[in-house]
Amino acid sequence: MRPENTLPGFLHALELGVDVVELDVGLTADGVVVLNHDQVLSPINLADTGPARSGDGMYPYVGKAIRDLTLDQVKTLDAGVRRPTTDDDPFVLTQLPLDRTPLPTLAEVCALMSCAPGVGLAVELKTDPGWPEPDVAFFTAAVAEVLGAFDLIGRSRLLAFDWRVLVEARRYAPDAARVALIEAKTLGLGTRWLAGQHPDDPARAALDIGATVLSPEHHLTTPELVIAAHSLALPVVVWTVNEPADMSRFVTYGVDAIVTDYPDRLRAVLQGHGLPLPHPLTAPILR
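Residue numbering for the sequence shown follows the UniProt record's numbering, starting at 1 and increasing by one per position.
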């Protein structure tokens with residue numbers, strides 16, 4: 001509905017009424033936690049506007065990894081217009097373009113969320129099994145430090161496909177929820193994503209690694225998986241569900257939360273099932 005991982009996107013979600021806002025973070029070369037869906041800057045959601053300084057040999061920045069760029073370089077990017085490589089991108093038809101919208105830092109998002117009482121913050125840390133252990137720990141600690149500075153750890157959950165992040169989150173942000181993300185590729189034979197846990201029983205593996213929530217991709221979310229997780233007292237958060245019929249189906253499965261790009265659609269489905277809705281937050285509260 002709005003450009004992803006941007007302050008206008010979160011503001012719109014809060015004004016619609018959501019329980020939690022979800023975002024993705026990376027770490028710049030100078031150690032700042034910034035938002036973006038992928039580790040490498042994609043031309044689909046980002047465009048260069050000019051170098052951070054004259055003669056910058058790293059320019060253009062799109063196509064490079066966040067870890068190789070400074071905050072000043074990342075802040076030059078325009079995240080306000082989606083530019084898909086195919087004609088069937090569903091978000092082009094529904095997303096309001098907002099030219100010259102920058103990628104925010106996690107601190108900037110926390111400042112907004114400090115004005116949104118009762119709304120949680122779901123922070124997905126983008127790492128992969130190729131990251132050295134010290135880098136995973138440093139990144140997790142950096143995220144926890146920002147959340148702690150705004151007194152938001154108790155309202156936050158840390159998400160990761162790379163379950164080593166969950167181990168570190170238990171150390172650096174013990175009061176935050178820890179969400180074990182899974183999809184088909186992370187459950188393959190010989191997987192390195194699960195921090196040594198066996199993929200045959202994802203719910204048990206998530207519990208054993210110290211997760212407090214299991215979050216499966218929607219294709220993996222079956223009634224049996226929901227029952228297995230609930231038997232271990234693990235809530236189930238299914239992602240990413242954008243069609244109302246699928247939303248309704250997962251409600252009947254008994255999932256505890258649904259991640260969607262279209263909170264307006266989900267609100268209508270929840271209302272149809274007689275379920276409570278989160279209250280919209282008005283602009284004066286947020287601003």
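Glycine is no exception: its CB is placed at the ideal position from the N, C-alpha and C atoms.
Residues in its own chain within less than 8 Å of residue i by CB, not counting five upstream and five downstream?
i      : result
Leu98  : Arg2, Pro3, Thr6, Pro8, Gly80 and Val81
Val269 : Pro244, Met247, Ser248 and Val251
His37  : Glu4, Asn5, Asp24, Asn45 and Lys126
Asp68  : Ala29 and Met58
Gly120 : Asp19, Val20, Val21, Arg155, Ser156 and Arg157
His230 : Val236 and Gly254
Gln95  : Met1, Arg2, Pro3 and Arg82
Asp56  : Gln73
Val136 : Thr127, Asp162, Arg164, Val165 and Glu168
Pull up the CB-CB distance for residue i and residue j, whole angstroms please, since I reckon it's below 8 Å.
i           : j      : result
Val18       : Pro263 : 5 Å
Leu187      : Pro199 : 4 Å
His218      : Val238 : 5 Å
Val74       : Val34  : 5 Å
Ala164      : Ala195 : Here residue 164 turns out to be Arg, not Ala, going by the sequence shown. Sure, about 5 Å apart at Cβ, within 8 Å.
Leu77       : Thr49  : 7 Å
Asp162      : Trp193 : 6 Å
residue 314 : Val40  : Because the chain in this structure spans residues 1 to 287, residue 314 falls outside the shown range and cannot be described.
Thr240      : Thr260 : 6 Å
Leu14       : Ile66  : Rounded, the Cβ-Cβ distance is 25 Å, inconsistent with contact.
Could you give the DSSP three-state label for residue i: helix, strand or coil?
i      : result
Gly190 : coil
Pro134 : helix
Arg82  : coil
Val165 : helix
Gly196 : coil
Ala148 : Residue identity check: residue 148 is Gly in the sequence provided, not Ala. If DSSP states are grouped into helix, strand and coil, Gly148 belongs with the helices.
Glu15  : helix
Ile44  : coil
Leu27  : strand
Ser114 : coil
Ala52  : coil
Thr140 : helix
Arg267 : helix
Ala257 : strand
Leu98  : coil
Leu77  : coil
Val33  : strand
Val237 : strand
Going by DSSP, name the residue or residues bridged to residue i.
i      : result
Ser248 : Paired residues: none, contrary to the question.
Gly120 : Val20
Thr222 : For Thr222, which the question treats as bridged, DSSP gives no partner whatsoever.
Leu281 : Its beta-bridge partners do not exist; DSSP assigns none.
Pro216 : Ile182
Arg67  : According to DSSP, Arg67 bridges with nothing at all.
Thr177 : Checking the displayed sequence, the identity of residue 177 turns out to be Ala instead of Thr. BP columns for Ala177 point to Arg157.
Leu125 : Val25
Thr105 : Val34
Kindly indicate which residue of the options has the alpha-carbon position closest to the one of residue i.
i      : options                           : result
Pro43  : Val62, Val255 and Thr191          : Val62
Val226 : Gly210, Pro244 and Ala257         : Ala257
Gly31  : Phe138, Phe161, Arg192 and Leu77  : Phe138
Leu16  : Asp162, Arg265, Gly272 and His273 : Arg265
Gly134 : Leu41, Val241 and Glu168          : The displayed chain sequence assigns Pro, not Gly, to residue 134. Selected option, being the one with the closest Cα: Glu168.
Leu220 : Thr191, Ala205 and Ile182         : Ile182
Gly210 : Lys185, Pro216, His230 and Ala180 : Ala180
Ala122 : His12, Ala177 and Thr282          : Ala177
Pro90  : Asn242, Leu103, Thr222 and Pro278 : Asn242
Gly130 : Ser54, Gly118 and Thr191          : Thr191
Pro84  : Gly272, Ala47 and Gly118          : Ala47
His279 : Pro117, Ala184, Arg53 and Pro60   : Pro117
Go through its chain and collect everything with a Cβ distance to residue i's Cβ below 7 Å, but skip five positions before and after it.
i      : result
Tyr172 : Thr140, Ala141 and Ala144
Phe10  : Val21, Val109 and Leu112
Thr101 : Pro3, Thr6, Pro8, Asp78, Ala79 and Gly80
Which residues in the same chain have their Cβ closer than 6 Å to the Cβ of residue i, if we skip the five residues on either side of it in sequence?
i      : result
Asp175 : Ile153 and Gly154
Leu232 : Ala203 and Leu207
Glu124 : Asp24 and Leu159
Leu106 : Val25, Val33 and Val146
Thr212 : Ala177 and Arg178
Gly254 : Val226
Pro51  : Tyr59
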